[in-house]
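Student: Protein sequences, first through last, are from chains A and B. Letter by letter, the first sequence follows residues 694 to 807 of the numbering used here. Letter by letter, the second sequence follows residues 58 to 169 of the numbering used here.
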Amino acid sequence: DTAVSQTPKYLVTQMGNDKSIKCEQNLGHDTMYWYKQDSKKFLKIMFSYNNKELIINETVPNRFSPKSPDKAHLNLHINSLELGDSAVYFCASSERGSGQETQYFGPGTRLLVL
Amino acid sequence: AQSVTQPDIHITVSEGASLELRCNYSYGATPYLFWYVQSPGQGLQLLLKYFSGDTLVQGIKGFEAEFKRSQSSFNLRKPSVHWSDAAEYFCAVGAGDDKIIFGKGTRLHILP
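1) DSSP three-state label for aspartate 723 (chain A), please.
2) Taking just the CA atoms, how far does valine 94 (chain B) sit from valine 138 (chain B)?
3) Between glycine 151 (chain B) and chain A, is the shortest Cβ-Cβ distance under 9 Å, so that the two count as touching?
4) Measuring alpha carbon to alpha carbon, tell me which of B:Ile167, B:Leu168, B:Lys161 ends up nearest isoleucine 66 (chain B).
5) Between the stretch 795-807 of chain A and the stretch 97-105 of chain B, do at least 3 Cβ pairs fall closer than 8 Å?
6) When you compare the CB positions of methionine 725 (chain A) and lysine 760 (chain A), do they come within less than 9 Å of one another, or not?
7) Do tyrosine 82 (chain B) and glutamine 59 (chain B) have their beta-carbon atoms positioned less than 9 Å apart in this structure?
8) Is it a yes or a no for the stretch 696-713 of chain A touching the stretch 131-148 of chain B, going by three-plus beta-carbon pairs under 8 Å?
9) Can you find a C-beta in chain A that's less than 9 Å from the C-beta of glycine 100 (chain B)?
10) Quick check on the burial criterion: 16 or more other C-beta atoms within 10 angstroms. Buried or exposed for tryptophan 140 (chain B)?
11) At 7 Å on the CB atoms, spell out the chain A contacts of leucine 103 (chain B), in chain order.
12) With 9 Å set as the bound, which would you pick, yes or no: does the beta-carbon of glycine 162 (chain B) sit closer than that to a beta-carbon of chain A?
13) Give the secondary structure of glycine 709 (chain A) by DSSP, where H, G and I count as helix, E and B as strand, and everything else as coil.
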C-alpha cells in the first residue's frame, strides 16, 4: 500500500546504455514529478506531468525522456547514459500540481553509471 | 525568481538539546513554505508547511517552524532532539507556478 513507489531501487550500468526507471502513485493525484539529487544532496526538479501532460521541463539533456501512460504512472527513460548521470532520482506526486501543495516522494532510485 | 538558502550545511547537537535549523527565502509575494526531512536511504517526508495565518506552525515529530516575513525566514525548531532525528532537512518554497524550489539541505548529526 505504498503511496509512491519506484523501481528499481538500485541501478548499476555501463556508460552508453539505455535504462528506464518506473514510478507509480496510488494517491489519485493529478501531478507527478521527477527530481535528481546529486552527490551533494542538491535536489533539482527535472520534469512534471499533470494528467499525462508535460508541465515542467527544466534544462535537462534530451537523453532524458519522461513518459506518462496514465496519471498514476510516470516513467523516466535515459538514453546513452553518462558518468554524470549517477545520482538518486526521486519521483513525487501532488494533488493538482501547484507550487502550494505537499509533494509525496518515492523512496528513490540510486543510479550508478560505470 | 524564488530561491531558498539554508546557510548551515552541517549541524551537530547533543541528544536532548534544542535545535534550530535556519532557512531564508527570496520571493516577491507571500510564499508557501515547507520543511521536508530525508532519513538515510529514504525519500523525503513533509514535516510541516506554512501557507497563511498563524506564523508559528506545528509539524510532526515535535517540530515547529516560525515564519518571519521581516527577516524572510522560516526556521525549524525542536525543543529536545532524539537520536532518530539525525537526517537531512530541506527547506522549500512554492510559488504560484507549478514548482517547489528546495534549499541545499542541512545535515543534522546527533551526539549521544
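Ideal Cβ positions, reconstructed from N, Cα and C, are used throughout, including at glycine.
Tutor: Straight from the coordinates:
1) The count along the first sequence starts at 1 and reaches residue 723 (chain A) at position 30. Note: aspartate 723 (chain A) maps to coil in three-state DSSP.
2) Against the second sequence, residue 138 (chain B) aligns to sequence position 81. Against the second sequence, residue 94 (chain B) aligns to sequence position 37. Answer to the nearest angstrom: the Cα atoms are 14 Å apart.
3) Residue mapping note: residue 151 (chain B) aligns to position 94 of the second sequence, counting from 1. With 9 Å as the cut-off, glycine 151 (chain B) counts as an interface residue toward chain A.
4) Locating residue 66 (chain B) in the second sequence gives position 9, counting from the first residue. Answer by Cα proximity: B:Lys161.
5) yes
6) As a first step, residue 725 (chain A) is located in the first sequence; it is residue number 32 there, counting from the start. As a first step, residue 760 (chain A) is located in the first sequence; it is residue number 67 there, counting from the start. Result no, Cβ atoms of methionine 725 (chain A) and lysine 760 (chain A) do not sit closer than 9 Å.
7) Counted from its first residue, the second sequence places residue 59 (chain B) at position 2. Counted from its first residue, the second sequence places residue 82 (chain B) at position 25. It is a contact, given that the beta carbons lie within the stated cut-off.
8) no
9) Taking the second sequence and counting its residues from 1, one reaches residue 100 (chain B) at position 43. Interface annotation, glycine 100 (chain B): in contact with chain A, CB-CB separation under 9 Å.
10) Reading the second sequence from its first residue, position 83 is the one you call residue 140 (chain B). With fewer than 16 other Cβ atoms within 10 Å, it is exposed.
11) Walking along the second sequence from the start, residue 103 (chain B) turns up at place 46. Correct list: Thr795.
12) Here the question's residue 162 (chain B) lines up with position 105 in the second sequence. Cβ-Cβ to chain A under 9 Å: yes for glycine 162 (chain B).
13) Within the first sequence, the letter at position 16 stands for residue 709 (chain A). It is coil, neither helix nor strand.
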